[in-house]
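Have a look at the structure below before the remarks.
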Amino acid sequence: MIAVEHLVKQYGGFTAVDGVSLDVQPGEIHGFLGPNGAGKTTTLRMIAGLLKPTSGRVVVNGHDVGDEPELAKAALGFIPDRPFIYEKLTAGEFLRFHAGLYGFDGDDVMDRVHEMLDLFELRRREHDLVESFSHGMKQRLVMCAAFLHRPRAVAVDEPMVGLDPRGARLIKDVFRRMSERGVAILMSTHTLEVAQEMCHRLSIILKGKIIAQGTVDEIRQLAGGADDHLTSVFLRLTGGSALQELDEAV
Amino acid sequence: MKGAFTYLLLPAIWSSRNRAARRQHGDLTRALLFAAMGIGVFAALFFASAWVTWQLDGYEELGDYLLRLGLSWIFMTFLAFLTFSGIVTALSTFFLSDDLRLLLTAPIAARRLFYARFAKTVAQSSWMVIVFITPVLLGVGVVRCASATFYITSALTILPFAIIPVAVGTASTLLLVNVFPARRARDLLMLMGFLFVGSVVILLRMLRPEQLMRAESLPDLTGFFSSLQSPLTPLLPSFWAGELVFASLKGGWDPMHAGALWSTALVCCVGLRVADERWHFSGYSRSQEAPKARFARFRGIDLIARTLPLSPVRKQLLVKDVKIFLRDVSQWSQLLLLLALVLIYLYNFRVLDLGRIPYMSGFVKNVYALLNLGMAGFVLATVAVRFVFPMVSAEGRAFWLIRKSPVAMHDFLWSKFWTGLVPVLLLTETLTIAANELLDVDPLLKGVAAIAIVFLSFALVGLATGLGARYPRFTADNPSEVSGSYGGVAFMVVAVLLVIAIIALVGWPSTTYLYYQLRHRPIPSFRLALMGTCFVGAIALTVTTWLHGMRSGIRALDAMSN
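These protein sequences, in sequence, are chains A and P.
In terms of my numbering, the first sequence is residues 1 to 250.
In terms of my numbering, the second sequence is residues 1 to 562.
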């Protein structure tokens with residue numbers, strides 16, 4: 001459903017993403033892990049059509065994002081790490097506008113908006129301005145918008161940041177339900193517990209390159225510690241020696 | 001509707017409606033004040049335009065010729081303004097605007113997004129021109145008893161006239177952004193823009209247009225306007241617009257220039273759309289790349305701060321404020337415009353022809369000295385509202401850093417005060433002393449004005465700092481937004497009243513002294529006492545404003561921390 005092929009992004013002489021390839025099947029939740037500055041957000045922004053790749057291509061639901069951007073974007077829901085929401089619109093107005101961007105018209109739009117607001121427990125705030133929302137509520141509103149048009153694939157950047165335990169559980173439930181309905185989800189996260197609990201497969205990126213790919217068990221074996229917790233595996237693969245230095249500094 | 005480009009403009013319309021429906025504290029006062037100011041400017045432009053047209057009416061064909069040239073000249077000035085404004089606005093609407101992050105992930109056709117953004121760019125770039133040109137054309141129309149055709153033609157002329165330069169400006173931006181990172185291009189444009197405006201303003205003033213107002217200068221007037229024409233002028237949209245409006249004023253119709261204007265506007269739109277579809281995404285993508293920070297380190301500021309007898313907290317706050325200000329081109333480049341205005345201000349005093357009224361020159365000079373004090377006070381208020389008032393808000397989302405540190409709000413705000421006071425005092429004191437020297441006013445007035453401006457600086461900088469802390473806008477995108485907030489407007493109202501009060505309190509005793517001095521008579525003792533009371537009153541008023549402003553600001557910040 002989401003196919004990334006040899007994706008490269010260079011900023012002048014600096015290569016932020018270096019030949020990344022990955023594939024997310026319908027119904028799969030694919031974890032995208034890596035330390036800060038590894039190239040996760042840049043990759044996701046290229047998938048969403050916000051950044052132009054230096055080379056390589058992204059295909060969503062059979063449509064190349066570069067060649068057929070409208071068809072590819074229509075099939076994708078994107079949840080960025082720093083989402084933009086019109087602060088002076090109400091939650092209902094924002095979702096109605098968002099539905100219009102995806103070509104939704106008619107009487108059933110508001111039914112769908114209400115369905116999403118109910119799902120993400122925001123119905124009571126439908127007529128409140130977005131500027132009065134907490135970070136967690138804004139995050140849930142963006143997710144409402146991302147799932148509003150019934151996307152076939154979703155790319156999500158750090159979905160759990162700023163959410164309380166109840167909010168985090170809600171999001172996990174929604175992602176699982178969507179995955180069961182055949183939606184492909186590519187999720188970048190730092191919360192390794194979430195990745196371990198939810199993802200069918202993982203890709204670990206370091207300095208712009210994919211260094212490991214597979215199920216959690218396959219990655220454990222790759223790192224040479226079959227029974228280890230994912231955190232230890234992740235640190236071993238991405239250079240955990242920095243942690244020791246951190247310990248000494250503190 | 002949902003497929004039309006206008007659908008993408010809905011958030012702006014809904015946001016405005018919501019803002020109006022959910023008014024915040026002071027919004028109504030601010031709206032009324034701005035409306036009153038707007039009506040005042042509109043009326044002034046209308047009457048000025050009507051007066052000039054009425055004057056020119058007396059010169060038959062020459063009057064018509066001058067009116068025609070004048071219209072063409074006004075449109076030419078706006079052409080330059082709209083082109084530059086188009087470049088700057090397009091940078092924001094097409095490349096830096098936050099909502100693009102949302103819109104570009106949606107399945108919207110590039111063409112649809114282009115039309116929505118271009119409509120927004122044209123509206124944002126040209127509203128000021130429309131606000132200015134409407135009363136001017138109305139003034140001309142009313143005096144010439146123009147028919148409805150004139151007003152309809154004018155309205156139909158302004159639209160394509162605005163589209164053409166804004167399209168050229170947008171195309172330049174498209175090119176620039178594909179060559180430089182957008183944020184670097186914005187800094188470059190800001191600097192160039194302020195330099196350009198400053199130079200034009202100085203140049204126009206140096207032409208001494210006031211000489212053209214004399215009756216004996218009428219032949220020079222035609223020469224003055226003619227010198228602004230060139231062989232290229234008839235090829236410019238400003239010429240077509242001027243001709244079109246003038247023809248309709250005379251009751252005729254100019255299909256050639258109307259055709260030229262509308263067809264060029266159409267070609268510009270289509271050409272720009274094609275270029276946008278080809279290069280917008282690559283430009284937007286480049287604009288998302290964080291430019292490698294190339295900045296001045298300003299080691300000198302650290303060295304100077306080290307020598308200052310300040311606590312480490314105040315020293316670091318000072319260094320931070322100065323460095324951030326100097327590294328933000330959009331901030332300090334506005335000082336260039338201010339510098340140009342100051343130069344013109346001083347130049348006006350230099351060319352002041354008081355010799356034409358020899359018997360009165362001594363008295364008039366001293367009245368000018370008081371006027372100068374008032375002007376310096378208004379410059380001071382403007383600088384304070386623009387640069388000092390937003391200083392607390394400028395901490396923005398980083399204000400938590402101050403609040404969680406063991407820094408007393410008292411220390412924090414006083415540091416802001418001194419950082420603002422030194423440059424403001426230097427500027428206004430230089431302005432006052434230099435202007436009074438050029439005027440060669442009485443030594444007493446020189447001294448009084450120099451001392452008064454010191455007290456005024458303390459009062460207005462203290463008030464701006466305090467009110468800035470009482471009405472902060474930590475989420476504002478830029479300082480202009482903070483200056484235009486309720487607190488900023490309230491500050492300007494209080495500042496203007498204070499300047500007027502100080503001029504009255506200082507002016508009356510000074511002119512009384514000069515009155516008795518001119519007549520070589522001693523000042524009666526009760527008058528002397530009254531004069532002393534006025535001076536003491538001025539000192540008390542400024543000191544109270546200063547300290548009260550600061551205290552209320554500190555209290556507000558303390559309340560925020562509690």
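Beta carbons: idealized from backbone N, C-alpha and C, even for Gly.
Quantities reported herein were computed from a predicted structural model and do not represent experimental measurements.
With respect to the C-alpha of Y513 (chain P), the residue from P:C268, P:L530 and P:K404 having the closest C-alpha is P:L530.
Per DSSP, reduced to three states, the secondary structure at M187 (chain A) is strand. According to DSSP, residue pairing for S203 (chain A) in a beta bridge involves A:F32 and A:Q213. Residues of the stretch 271–291 of chain P whose Cβ lies closer than 7 Å to any Cβ of chain A, in chain order: F281, S282, S285, Q288 and E289.
In this structure, F84 (chain A) sits away from L10 (chain P), with a CB-CB distance that is not shorter than 7 Å.
Taking a cut-off of 8 Å on C-beta distances, the stretch 98–105 of chain A touches the stretch 148–155 of chain A, as three or more cross pairs fall below it.
Apart from sequence neighbours up to five positions away, no residue of its chain approaches V131 (chain P) with a beta-carbon distance below 6 Å. The three-state reading of DSSP puts F246 (chain P) in helix, counting H, G and I together.
Here L371 (chain P) carries a helix assignment [DSSP, helix/strand/coil]. Using a CB distance below 8 Å, no part of the stretch 15–41 of chain A faces chain P.
I171 (chain A) and L326 (chain P) have their C-alpha atoms spaced approximately 45 Å apart. Judged by beta-carbon spacing, K138 (chain A) lies beyond the 7 Å limit of N18 (chain P), meaning their Cβ atoms are not closer than that value.
Just so you know, the alpha carbons of V448 (chain P) and R30 (chain P) end up roughly 35 Å apart.
A direct Cα-Cα distance of roughly 9 Å separates G27 (chain A) from H200 (chain A).
Under the three-state reduction of DSSP output, T105 (chain P) falls in the coil class, being neither helix nor strand. One Cα belongs to L8 (chain P), the other to F42 (chain P), and the distance between them is close to 32 Å. Residue pairing by DSSP places F78 (chain A) opposite A:A155 in a beta bridge.
CA-to-CA, the gap between I204 (chain A) and Q221 (chain A) works out to about 14 Å.
DSSP places F180 (chain P) outside both helix and strand once states are collapsed to three, so it counts as coil.
Of all residues in the stretch 44–58 of chain A, only A48, G49, L50, L51 and K52 place a beta-carbon less than 7 Å from a beta-carbon of chain P. Contacts with chain A at 7 Å (Cβ-Cβ) do not include W332 (chain P). Out of P:T83, P:R286, P:L113 and P:R23, the CA that lies nearest to the CA of V179 (chain P) is found in P:R286. For N18 (chain P), the C-beta contacts it makes with chain A under 9 Å involve K88, L89, T90, E93 and L129, in order along the chain. A distance below 8 Å between beta-carbons, with the five flanking residues on each side excluded, links M160 (chain A) to the following residues of its chain, in chain order: A168, I171, T189, T191 and V194.
Look at the beta carbons and you see the stretch 462–479 of chain P touching the stretch 544–554 of chain P: at least three pairs across the two are nearer than 8 Å.
Counting along the chain, the unbroken alpha helix (DSSP H) around V174 (chain A) starts and ends at P165 to E180.
Taking every protein chain shown into account, the CB of S21 (chain A) has fewer than 16 other CB atoms within 10 angstroms, so this residue is exposed. The beta-bridge partner set that DSSP reports for S55 (chain A) consists of A:V8. By the beta-carbon neighbour count (other beta carbons within 10 angstroms, threshold 16), D302 (chain P) is exposed. A distance below 7 Å separates the beta carbons of I87 (chain P) and S172 (chain P). The three-state reading of DSSP puts L89 (chain A) in coil, since its state is none of H, G, I, E or B.
Against Y7 (chain P), the close residues of chain A are F97, G100 and L101, in the order they occur along the chain (beta-carbon pairs closer than 9 Å). At a cut-off of 7 Å between beta-carbon atoms, R101 (chain P) makes contact with chain A. The closest CA to that of V142 (chain P), considering only P:L249, P:G169, P:F417 and P:A123, is found on P:L249. Ranked by how close their Cα comes to the Cα of F417 (chain P), the residues P:E481, P:M550 and P:R521 have P:M550 in first place. Using a CB distance cut-off of 7 Å, W400 (chain P) does not count as an interface residue toward chain A.
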